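Written below as C-alpha cells is the structure these notes are about.
Protein chains: 4
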Amino acid sequence: MVGNPSTETKDMAMSETTTTSPIGCHGLVFSGNVDEQGIAEAVARTEKAGFDLLEIPLLDPFGFDVAAAKRALAAHDVQVTASLGLPEGADISTGDPEQVQRGEKVLQRVLEVMSDLESRHVCGVLYGMLKKYPAPATDAGRAASQEVLARIGRRATELGITVSLEIVNRYESNMFNTATGALAFLDEIGEDALKAHLDTYHMNIEESDMFLPVLAAAQAGRLGYVHIGESHRGYLGTGTVDFDSFFRALHHVGYDGPITFESFSTAVVDDVLSTSLAIWRNLWKDGDDLAAHANAYIRGALRSNETLEMH
Amino acid sequence: MVGNPSTETKDMAMSETTTTSPIGCHGLVFSGNVDEQGIAEAVARTEKAGFDLLEIPLLDPFGFDVAAAKRALAAHDVQVTASLGLPEGADISTGDPEQVQRGEKVLQRVLEVMSDLESRHVCGVLYGMLKKYPAPATDAGRAASQEVLARIGRRATELGITVSLEIVNRYESNMFNTATGALAFLDEIGEDALKAHLDTYHMNIEESDMFLPVLAAAQAGRLGYVHIGESHRGYLGTGTVDFDSFFRALHHVGYDGPITFESFSTAVVDDVLSTSLAIWRNLWKDGDDLAAHANAYIRGALRSNETLEMH
Amino acid sequence: MVGNPSTETKDMAMSETTTTSPIGCHGLVFSGNVDEQGIAEAVARTEKAGFDLLEIPLLDPFGFDVAAAKRALAAHDVQVTASLGLPEGADISTGDPEQVQRGEKVLQRVLEVMSDLESRHVCGVLYGMLKKYPAPATDAGRAASQEVLARIGRRATELGITVSLEIVNRYESNMFNTATGALAFLDEIGEDALKAHLDTYHMNIEESDMFLPVLAAAQAGRLGYVHIGESHRGYLGTGTVDFDSFFRALHHVGYDGPITFESFSTAVVDDVLSTSLAIWRNLWKDGDDLAAHANAYIRGALRSNETLEMH
Amino acid sequence: MVGNPSTETKDMAMSETTTTSPIGCHGLVFSGNVDEQGIAEAVARTEKAGFDLLEIPLLDPFGFDVAAAKRALAAHDVQVTASLGLPEGADISTGDPEQVQRGEKVLQRVLEVMSDLESRHVCGVLYGMLKKYPAPATDAGRAASQEVLARIGRRATELGITVSLEIVNRYESNMFNTATGALAFLDEIGEDALKAHLDTYHMNIEESDMFLPVLAAAQAGRLGYVHIGESHRGYLGTGTVDFDSFFRALHHVGYDGPITFESFSTAVVDDVLSTSLAIWRNLWKDGDDLAAHANAYIRGALRSNETLEMH
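Residue numbers (the working numbering), protein chains in the order written: chain A, 1 to 311; chain B, 312 to 622; chain C, 623 to 933; chain D, 934 to 1244.
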C-alpha cells in the first residue's frame, strides 16, 4: 500500500535549503575501522545516504594511512572531518608530563592528517579522555589541558582548521558537561580557532534545554560543530531529545557549520569506543537505512525552519 | 554546498515501511477547486509529492462532477477520500427539520459520490457545520444529528465506507471537541461504520496530550481517520504540536488507516473554507515543497517508530 | 496517606523568589461580575490563593463603579490590572468613524478608571474586538486602530500606565496573531507606553514555539504583560502548552512585569466573554483549588529557573 | 513585591489529592550518612518539606543501626523505604560464587532491616553494582543474579515487602536499561514480590518516551516504585525530562505506589555514591528549598491530573 519510500521520494520537489551547513555522518554508522577499505565503504555509503560529509573517528592518527584515505576519498564528492577522544596514556587532563606530551603529539598529528585531507574541522573530547572518570577534574589537570590546547589552537589557525571541544555528559568527562562550562574553559584559553562542539545526546542529559546552550555558544562566537544524536543513540525521533527546539535555535543564530549525525549500535563496533560509550543494545541493524533516515530528518528540519521567515 | 535534496535523496536506501496506512494530502494544498482541472492538478501533484492518497474537499457533492473526477483520476495511482463540513442551510445539528433533511441528503450524496470513486473513507465535520457557533449545542440538535448519522452509518456499511467524525476545536464546532466527547457521541449512535477522526491541529488545542486520545479511540475500536496538521497549519515541525507523541501512539495501537496531511494558507483559497478556518496568514507559498516535506516527515516518523521493536 | 497539601505545605521552607514579577489571576476564575460584591469576592479569593494581583475584566468601564471597587479593594494587599476587548459597536478596527470614536472613549475611560485604582497595567484586545472576524483586517481599519492607540499611548504615558496589546489566535482577532505581527503593528505606532501582551494559550496555536516570541518582544523592549493559560484553558499541566520553554524564556530575558493566570469554565460565566471564547466545557468546578494550584505552579517555575544561575 | 511563597501558600485551599501514593524524598538530599543523627536530620527535614516518606540509602545494611534508626523515626509521621546498589565484592551479576553469596547476604539483610522498620518497599540496583561496567553482562552473570533474586523475592513475599529493580542508564548498569529489558528479566524469575522501578532521570536517556514504559510495566502488573529525578539531577523543571507525559501515564494506569524525589549535588556527598553517579556539579545548595520545591511540584502534577476526569 505505502510502497517503497526510496521510489516515492524520487520525484520530490522539495526546495533546496539555503543553509550552507554541510550535513554529515559519523563513520561508525558504516564501518568499525578506518583503513582504506573502511574509509572507502564509509564514504560511499555516506554519499549514498545523501550526506555531504563523513566524520572520521581518528582514534589513532599515527596508525592512519593518509595516502590510502586520499585514494578512498578521491572518487567521491564528500567532505571529511575528524573526531576523537584522547587515547589511554595520552590524557592531557591528568597533568602528568608524559601523558601531556603524548597527548599533544596526538593532537598535532590529527591536525596534520586532517590538513592533508583538506578538512576544516576537528572535534571531540580533545581536552582529555572520553571515559567515566573516578574523581573530579583537578585544577592542575585543567591547566595542563588548556596549555596544550592553546598551542593546538595556534597551529589550527595556521592550518585554517576549527578545533571544537565536544561537551559530553558526566559519564564521559569530568572537565565540563555543559555549554556554560565549556565556554568558560575556552575563554580561559582565548584562542580563536577553538570552539564549542554541541551534541544533542549529551545536551539532553546535562543542559537545561536545547535552546539556551546554542544561544550562549553563538553569542560567544564559539559554536563550531554540532552532533545530532538521539537520547539513546538510535534512530532520530525514537527517543526523548527535543530536536524541534535545537533546530529552531540553530536557525535562530544562523549557524552554518557542520551538522553531523552520530549513532552507535552493537551492529558496528569499535572495541574501544563501544566500551567507553557503554553500547550494550542494538537499536539498528541497517546502517544505510539509519543514515538515509537521519539525512532526511535533518534536512527536513532545516528546510522547515527556513519557512519561519514567512511567519 | 548542501545541494538539492531532491537529487540527493534519489539514492536513499531507506527501508520500506511496514505500515499499511496510506499517506495522503488534503486537496487545498494544491488547488482551490474540485472541477476536472482542479482534481487533475491536485492528484498529479499529490503523486509527485510522494503521497498515496488525495483527500478531496467535497463541500458541494451535488455540484461535483463524478465522471470528470474519474477522468482526472484515471491516469494516476492515487486513492481518494473526501472531507467536508455541512453547508449553510444543511446543519443537522440545528434540529430544524428542513436543515436536517437537507443535511442528510448532502451526506447521502457524499457517500454515493465516494462509492463511485471507489473510496473507502469519508470524514470531517459531518454532524454539523464547521463554524464558530454562538451558543452551546442543544440536546435536540444533538439528537437530530445522531439520528441522521445512524442512517448514514447504515448506508456506509452497505457501501463498505468508513465515516469518521472529525473532532475539531471549540471555534469550529460546539458539539464535541475531544476524543472523549466524540466517543460518547458515537457510542450513543452505535453504528459500526461511524468512527472518530483525530486531527493533530485540533488535538493541540483541546486534548490533554497527543497520546491518550489515540489510545482511547483505538481501545473503543473507533479510530477511523487521522489528520496531520501543525499548530498554525503551516510546515510540519514549525509549530508546537508534539508529533513525536502522536506518531508513537499511532504505532503503539497499530493504526493502519489513512494519515492525511492538511495545511492552509492564503496562497490557495476556497472562499468558504478559508473564512471558516480564519486563514489570515500565508505560512507557505509553494504547495509542492510543503507537500513533499510533509510526505517525507510523516514517512520518516512511521519508519523510525517501526524500529522501536528493536528497543 | 498523602494527606492534605494545604496542611503539608504550611511548613515549606521554599526560598523567596527574587523575581519582581507580581503573580496574578484573572477575575473570571472567581466571579462573573465586577460589581462591589463581585470585586470583593474576587480580590479576597485572589489573595487567599496566594496571588499578588487581580486582573479585572473591565468590559464595561462606564458601568464600572470605581468607588465601590476601591471599597472592595481597601482591605486587601492585592494589586489590580484590567483587561478587555472592545465592545460591540466600538470596534476601532472597523475604521467606521462612529465606532472609532466610541472605541477611543472606551479606552480613555479604561485608563482613567485604572489610574484611579492606582493600576500600572491595562491589557487585552484593545485594537479591536475579541471575536471571530468574517474577513481579514483591512488597511484602513488597521490605520484607524493605530491612530487611536497612538493617542491612548500618549495618555497612558502621562498616567504612568503600560498598555499591552494582547496577541490572540486567529479565531479571536484578524489583526495579528503572532509576536512578529504585533511588534510590527506597535513599531508603526511608535509609542513607548504601548507593549505586547503574550498569552501562552494563544501562542500554543499561532507561534513556532514558546521561546522565540518572548525573545523577540523583549529585544524590542516591548514585552509588557504575560498571560499564563493552558491549551484548553483548564488546569495548568493538563494540556499541551510547553510551559518549561516559556518560563525559561521569561527568565532568560529577565522579564519582571505581571504574570497572570487565566482560565475559563462554564462554572463561572460572563455571557459575552464565554460566547466569544467558545467555552463549551467545564474543566474545573472549584475556582479556589484551580487558583491555588496555578499560583504554586507559576511560583515553582519561577523559583526553579532562578537556580539556573548555578548550572 | 512577590513576597515569600512559604507565607503566601499557607492559606492555599488546594484540594486534597485522592491518590494514595506516598510522596517521598531520597535521604541524600539532606544528609550524607545514615547514622542516628543523619536519619534524624533527614526525617525531620523530609517531613518539614511536606513529604510522606524518606528513602534511606542503605548501602551498608550490616553497619546500619536499626535501633538508632527507630529512635530517629519515632517522633515523626514519616514512612521509610530503602534503596541501594550492591557493594564492591558483592556483585551477584558477576556469577562469582563468593560475590554471589555476599550479595545475597546483603539483600537478605536489607529485607530484615526494612521489615524491622515496617517498610513495605526496597528498591534500587539490587541485581548488580551501580557502576560503569567495562563489558556487556554475561548469560552466566544474569542467571546468577536471577537465582539470588528469586530467593529474595520469596523472602520478600513472606515479609510483605515489594522489591523493585531500578532500571538505570547504560553508564550505571549493563544488565538492562529499559522497562522492556527489566520486564523480560523479571518474567524469567517469575516472583510476584519483584517489580520494576522506573526513574525519570534514567528513562530520559534510555526510553523512547515517558509514557510507554509506564504502560508496559503497569500492564505487566510490575510497576513497583517510581523515582522522580531531573535530567541532570537538579531542580525539577530545570532540565529536559518530559514530566507531563510521565505523570499523565502514572495517572492513566492508576499507579498508587511510592513516588520519590531524587537529586544529587556536591553539596551533600556520599563518597561511594557521588563517584558512581559522576556528580561533578553543584546544582543546588539548599536541600530544604530543593525538597519543598519538589514536593510542591509532584503534588501539583498529581492534583492537576486528577482533573482530567472532567475533560
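Built from N, CA and C at the ideal position, the CB exists for glycine as well.
Predicted model, so just to flag it, every value in this text is computed and none were measured.
DSSP on residue i, reduced to helix/strand/coil?
i: B/Ile334; result: strand
i: D/Thr942; result: Because the pLDDT of D/Thr942 is 36, which lies under 50, any placement of that residue in the model is unreliable, and the number read from its coordinates should be weighed accordingly. Here D/Thr942 sits in coil by DSSP.
i: D/Asp1189; result: coil
i: C/Ala818; result: strand
i: B/Val580; result: coil
i: B/Pro524; result: helix
i: D/Tyr1230; result: helix
i: C/Gly909; result: helix
i: C/Val656; result: coil
i: C/Asn826; result: helix
i: A/Ser173; result: coil
i: D/His1009; result: coil
i: D/Leu1235; result: helix
i: C/Pro719; result: helix
i: C/Met932; result: helix
i: D/Ile1212; result: coil
i: A/Asn4; result: Low confidence applies to A/Asn4: its pLDDT is 34, below 50, so where it sits in the model is not reliable, and the reading given next is rough at best. In this structure, A/Asn4 counts as coil in the three-state DSSP scheme.
i: A/Asp139; result: helix
Alpha carbons only, please: which of the options is nearest the one belonging to residue i?
i: B/Ala612; options: A/Ala294, A/Arg303, A/Ser304; result: A/Ala294
i: B/Leu422; options: B/Arg413, B/Ala461, B/Pro447, B/Val474; result: B/Val474
i: B/Ala378; options: B/Ile350, B/Ala560, B/Ile516, B/Pro445; result: B/Ile350
i: D/Glu1037; options: D/Leu1082, D/Leu1006, D/Val1055; result: D/Leu1082
i: D/Ala1117; options: D/Arg1155, D/Val1159, D/Leu1145, D/Asp1142; result: D/Arg1155
i: A/Thr275; options: A/Lys132, A/His121, A/Ala44; result: A/Lys132
i: C/Phe833; options: C/His854, C/Thr929, C/Arg667, C/Thr802; result: C/Thr802
i: D/Gly989; options: D/Gly1018, D/Ala1153, D/Phe1176, D/Thr1014; result: Note on identity: in this sequence residue 989 of chain D is Ile, with Gly being the wrong assignment. Among D/Gly1018, D/Ala1153, D/Phe1176, D/Thr1014, the Cα nearest to that of D/Ile989 is on D/Thr1014.
i: B/Ala448; options: B/Leu395, B/Leu505, B/Phe558, B/Ile403; result: B/Ile403
i: B/Ala385; options: B/Glu358, B/Phe558, B/Glu399; result: B/Glu358
i: D/Ala1002; options: D/Gln1041, D/Ser1016, D/Met1047, D/Phe984; result: D/Met1047
i: A/Ala144; options: A/Val100, A/Val29, A/Ile228; result: A/Val100
i: D/Phe1176; options: D/His1009, D/His1160, D/Glu1105; result: D/His1160
i: B/Gly471; options: B/Ala383, B/Asp600, B/Val433; result: B/Val433
i: D/Gln1079; options: D/Leu1059, D/Asp985, D/Leu1050, D/Ala1089; result: D/Leu1059
i: D/Leu992; options: D/Arg1166, D/Asn966, D/Ile1085, D/Ala1211; result: D/Asn966
i: C/Asp738; options: C/Glu810, C/Phe869, C/Gln701; result: C/Gln701
Per DSSP, what are the beta-bridge partners of residue i in this structure?
i: C/Gly746; result: C/Leu706, C/Leu787
i: C/Val848; result: C/Leu820, C/Ile881
i: A/Ile92; result: For A/Ile92, which the question treats as bridged, DSSP gives no partner whatsoever.
i: B/Glu366; result: B/His337, B/Thr392
Under 9 Å, do residue i and residue j count as touching if we go by C-beta distance?
i: A/His26; j: A/Glu191; result: no
i: D/His1130; j: D/Leu1098; result: yes
i: C/Asn826; j: B/Arg592; result: no
i: C/Ala815; j: C/Arg764; result: no
i: A/Asp65; j: A/Asp96; result: no
i: B/Lys506; j: B/Tyr536; result: yes
i: A/Leu130; j: A/Val106; result: no
i: B/Ser342; j: B/Ala353; result: yes
i: C/Ser887; j: C/Leu905; result: yes
i: A/Pro61; j: A/Arg102; result: no
i: A/Thr238; j: B/Thr618; result: yes
i: B/Gly439; j: B/Ser484; result: yes
i: D/Thr1193; j: D/Leu986; result: yes
Is the closest heavy atom of the ligand GDP to the C-beta of residue i under 8 Å?
i: B/Gly545; result: Judged by which ligands are present, the structure shown has none, so any question about the ligand GDP falls away.
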